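The next block holds one structure in the form of structure tokens; read it before the comments.
Okay, here's the thing in structure tokens:
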């Protein structure tokens, strides 16, 4: 069973690192790992902290996604129960995995989708300029889409067809991983603009990730100078893994969809659909960042581990 780990980078981990900078918060996390779920009063007593300070620290940890809380009925009213979210927190300065003999990796440029159905506002751009016409879905038909380093749309989908190289090599896949940089999409930018991004593989929805927002507070590390700061600058690097026991986002199990459900051995290719459906609870659009855009100089990566 995979551990629940959180992968941080210097670019998108500042909130978590700031929350971890307080010794009292580290003590709270340590206590929750040692003792399991606890209420605020017990945490305050064991750490000999004022209850007001304990509540403040817990709010900070919850905002950073390091703990979850829920209210339960107690003998004297309700009580707030706290649980640690992650077993491990990893700060990574490199996102290029060392290539292993049992890993087959394919990097797919964001403009090389095989199917699409998108709704405006939408668009494509390369590292040197806009591709085609803004807010015209027909631009997604342009041969110049192959040069795209960033694409965005409000609702709909793009689908990529990866070669099933493990099947060609006669290897049995133990894990499939997709890694890509994503954000929501709003005219302009907004840090609070949630969007439910669906990841489907071979026609089966494996995971739904709610992107928090569309970021323009500073220029992306690789975003070209010609792209105005008012436009989407960077996203979150997300890992979607499908194993024999379910699907994980950044190490956290999110669904029961397993390798058996996507039946890799039955398909010559692996179809990956990235979508924001019409019936999404948070239909906040999507940006997909590729090479020479955003904070990570990479396209959509598919890894098959045997």
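In the UniProt record's numbering, the protein residues as written are 1 to 306.
Cβ atoms here follow ideal geometry from the backbone N, Cα and C, with glycine treated the same way.
Keep in mind the model is a prediction, meaning the values are calculated, not measured.
| Query | Result |
| --- | --- |
| Beta-carbon proximity check, residue 118 vs residue 140, cutoff 8 Å | yes |
| Other residues of its chain near residue 204: CB distance less than 7 Å, five sequence neighbours each side excluded | 257, 261 and 262 |
| Nearest-angstrom Cα separation, counted from residue 56 out to residue 302 | 41 Å |
| CA nearest to the CA of residue 175, picked from 219, 150, 215 and 264 | 264 |
| Nearest-angstrom beta carbon gap, residue 144 and residue 120 [assumed within contact, 8 Å] | With a Cβ gap of about 18 Å, residue 120 and residue 144 do not count as contacting. |
| Extent of the continuous alpha helix (DSSP H) to which residue 14 belongs | 14–20 |
| Cβ contact check for the region 193–202 and the region 266–286: 3 or more pairs under 8 Å | yes |
| Local conformation of residue 167 per DSSP, three classes | helix |
| Proximal residues to residue 106 (C-beta, below 6 Å), its chain only, five neighbours per side dropped | 162 and 302 |
| Reference residue 122, options 138, 108 and 306, closest by Cα | 138 |
| According to DSSP, residues forming a beta bridge with residue 236 | 182 |
| Backbone secondary structure at residue 275 - three-state DSSP | strand |
| Per-residue DSSP class, three states only, for residue 6 | strand |
| Where the beta strand (DSSP E) through residue 80 begins and ends | 77–84 |
| Between the CA atoms of residue 170 and residue 182 - distance to the nearest angstrom | 32 Å |
| Nearest to residue 39 (by Cα), restricted to the options 81, 129, 288 and 27 | 81 |
| Beta-ladder partner(s) of residue 152, from DSSP | 123 and 287 |
| Distance between residue 18 and residue 45 (C-alpha atoms, nearest Å) | 25 Å |
| Span of the beta strand (DSSP E) around residue 91 | 88–91 |
| Other residues of its chain near residue 97: CB distance less than 6 Å, five sequence neighbours each side excluded | For residue 97, the pLDDT reaches just 45, beneath the cut-off of 50, and the residue's location in the model is therefore unreliable, although a value from the coordinates is still provided. None. |
| First and last residue of the uninterrupted alpha helix (DSSP H) at residue 40 | 40–47 |
| Proximal residues to residue 191 (C-beta, below 8 Å), its chain only, five neighbours per side dropped | 212, 213, 214, 215 and 217 |
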